[in-house]
DNA sequence: CCCGTACATAGATATCTGTCAAATTAGAAA
DNA sequence: TTTCTAATTTGACAGATATCTATGTACGGG
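Protein chains in written order, with the numbering used here: chain B, 63 to 191; chain V, 63 to 191.
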């Protein structure tokens, strides 16, 4: 948050006085906000993890055991376990062991926050549409 | 789309007849859908590119010249150019050269599609909330 | 035409990431 | 306890990625 409050608006003005760009409209993401949010998107920026998330979310009851997830891919159990760990460490899912099996479920609030951030009403990404 | 229509629901049933999971609720992402969508999220899964997108989107008039973007970072112009290329190849932004400067703008439809996919009303990620 | 500025490309390199095989932990059942 | 199954951890390795320097291209002004 140190060099981020520099007047970005003043940039792009050459000596002739002709600005190359219009000023800002909404408030852009700060460096620290971006650093905080990027890992969330990185967690779902993989086809396997996207499908894992989808499979977990679509399960009636809201939770899925790892055995079902592993069965849906050509990948080895360690690889699935790795991807689940990435999703969990990002805060997108949570898990609990019950007996032999481990169950995973999604945390919808986090997904909703990410969705809102890139959605049409976002205060940091409000499009021109 | 080959092995994806396998009965995932049947997995997780052990010999004792006790299922470890409930069946599916909504329709999960297919392998090809995930392969198509993941690169979109990968494009914004970087703090620099997230801020670039935000800076571009927040610019009044809907477009920004590269000089402004480069000025907002500690990175070299080639690095910014690289990230803009990644965003453009993913289809999130577009650009045009006008005289000396090159202008970038976002494509809100694509962002909106991504937002809807992970949002609360998603048919492939409908949460338990 | 030549020069300077804005931006992109090419090449090099250090780091990160996805995957697997092998070993490990946790629980259930005999 | 011993054994079997479910899931995770570890270690290794190939491939991707973010960044830089150096070079190239496009445009405008003398």
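Cβ coordinates follow ideal geometry from the N, Cα and C atoms, glycine included. Quick caveat: nothing in here was measured; it's all calculated off a predicted structure.
For the segment 135-164 of chain B, which residues have a CB atom closer than 7 Å to at least one CB atom of chain V, in sequence order?
Under the 7 Å Cβ criterion, the segment 135-164 of chain B contributes 163.
Entirely within the segment 140-191 of chain B and at least 3 residues each: give me those beta strand (DSSP E) ranges in chain order.
Counting only runs of 3 or more residues that sit fully inside the segment 140-191 of chain B, the beta strand (DSSP E) segments are 155-160, 163-168, in chain order.
Inside the segment 98-131 of chain B only - alpha helix (DSSP H) runs reaching at least 4 residues
Those alpha helix (DSSP H) runs which fall completely within the segment 98-131 of chain B and span 4+ residues are 109-120.
I'd like to check one pair, residue 163/V with residue 129/V: are the Cβ atoms closer than 8 Å?
Yes, the Cβ-Cβ distance between residue 129/V and residue 163/V is below 8 Å.
Given a threshold of 16 other Cβ atoms within 10 Å of its Cβ, counted over all protein chains shown, does residue 171/V qualify as buried or as exposed?
A residue is called buried when at least 16 other Cβ atoms come within 10 angstroms of its Cβ; residue 171/V does not meet this threshold and is exposed.
Sequence-distant residues of the same chain with beta carbon closer than 7 Å to residue 124/V, five excluded per side:
Cβ neighbours of residue 124/V beyond the five flanking positions: 167.
Bridge partners of residue 86/B, per DSSP?
DSSP, once it has assigned bridges, lists 121/V as partnering residue 86/B.
Under 8 Å between the Cβ atoms of residue 96/B and residue 112/V?
Going by C-beta atoms, residue 96/B is nearer than 8 Å to residue 112/V.
Would residue 107/V and residue 109/B be called neighbours here (beta carbons separated by less than 8 Å)?
Contact flag unset, no.
Neighbourhood of residue 131/V by C-beta, 8 Å cutoff - its chain only, sequence neighbours within 5 removed:
Cβ within range, chain order: 114, 117, 118, 142, 146, 166.
C-beta atoms of residue 105/B and residue 149/B nearer than 8 Å
Yes, these two residues count as a Cβ contact at 8 Å.
Supposed contact pair residue 88/B and residue 90/V - C-beta distance, whole angstroms, cut 8 Å:
The C-beta separation of residue 90/V from residue 88/B comes to about 34 Å, leaving the pair out of contact by the 8 Å criterion.
My assumption, with CB atoms under 8 Å, is that residue 181/B sits in contact with residue 181/V. Please give the rounded CB distance.
Taking C-beta atoms under 8 Å as the contact rule, residue 181/B and residue 181/V qualify, at a distance of about 7 Å.
Compute the Euclidean distance between the alpha carbons of residue 66/V and residue 187/V, then round it to the nearest angstrom.
With a pLDDT of 33 at residue 66/V, under the threshold of 50, the modelled position of this residue cannot be trusted, and the question is left open.
Short of 6 Å in beta carbon distance, which residues of its chain neighbour residue 62/V, apart from the five on each side in sequence? Order them along the chain.
Lying before the first or after the last residue shown, residue 62/V is absent from chain V, which here runs from 63 to 191.
Alpha carbon to alpha carbon, what distance is there between residue 135/B and residue 178/V?
Those two C-alpha atoms are separated by around 25 Å.
Presumed contact (8 Å Cβ cut-off) between residue 85/B and residue 169/V, rounded CB distance
Wrong, their Cβ atoms sit about 22 Å apart, outside the cutoff.
Taking a contact to mean a Cβ-Cβ separation below 8 Å, would you say residue 126/V touches residue 83/B in this structure?
Cβ distance < 8 Å, so residue 126/V and residue 83/B count as in contact.
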